[in-house]
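Residue numbers (the numbering used here): 34 to 148. Don't be surprised by glycine CBs; every beta carbon is placed ideally from N, CA and C. What you are looking at is a predicted structure, and each value in this text was computed from that prediction instead of being measured. Here is the structure we will look at.
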Amino acid sequence: MEIKDLDYNIQYDEATKTVRFTGSIRLQNLPAYEPLKIFLRDAAKLCQGSLLTLDFRDLQFVNSSGITTLSMFIIDSRKSAACQIKIQGSLNVSWQSKSLSNFKKLWDQVVLEIS
């Protein structure tokens with residue numbers, strides 16, 4: 034599975050159960066993020082009962098609507114408990130340490146790796 038755009042790429046690797054985000058995501062509003070929401074739900078279904086990794090290390094930017102969409106996915110995952118979530122981030126990308134750590138506040142079982 035993959036979402037490709039000129040500015041970003043989101044790819045699901047079924048072998049490693051990892052969603053990799055690259056580039057910069059600057060969609061206009063929450064409805065514009067609906068394909069990403071569906072993509073994440075589908076990835077969670079594919080890894081049911083195991084660990085789903087969201088790798089943001091190569092994502093340079095995501096706007097507030099994107100953060101909201103990701104937050105809603107974390108909350109939905111907490112409610113369904115279909116799979117455990119691991120989040121990977123980079124200290125080299127300024128927005129990641131603060132924003133990604135907020136996901137841990139939404140669901141204390143989120144595994145957070147920021148290095």
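For residue i: DSSP bridge partner residues
i	result
residue 49	Its beta-bridge partners do not exist; DSSP assigns none.
residue 121	88, 146
residue 42	37, 55
Residue i - containing alpha helix (DSSP H), residue span
i	result
residue 82	Looking at the DSSP string, residue 82 is not in any alpha helix (DSSP H), and its letter there is neither H nor E.
residue 129	127–139
residue 103	97–113
Top-ranked residue by Cα proximity to residue i, from the options
i	options	result
residue 74	96, 117, 94, 91	117
residue 81	111, 40, 95, 37	111
residue 63	126, 106, 147	106
Residue i - DSSP class collapsed to helix/strand/coil
i	result
residue 87	strand
residue 69	helix
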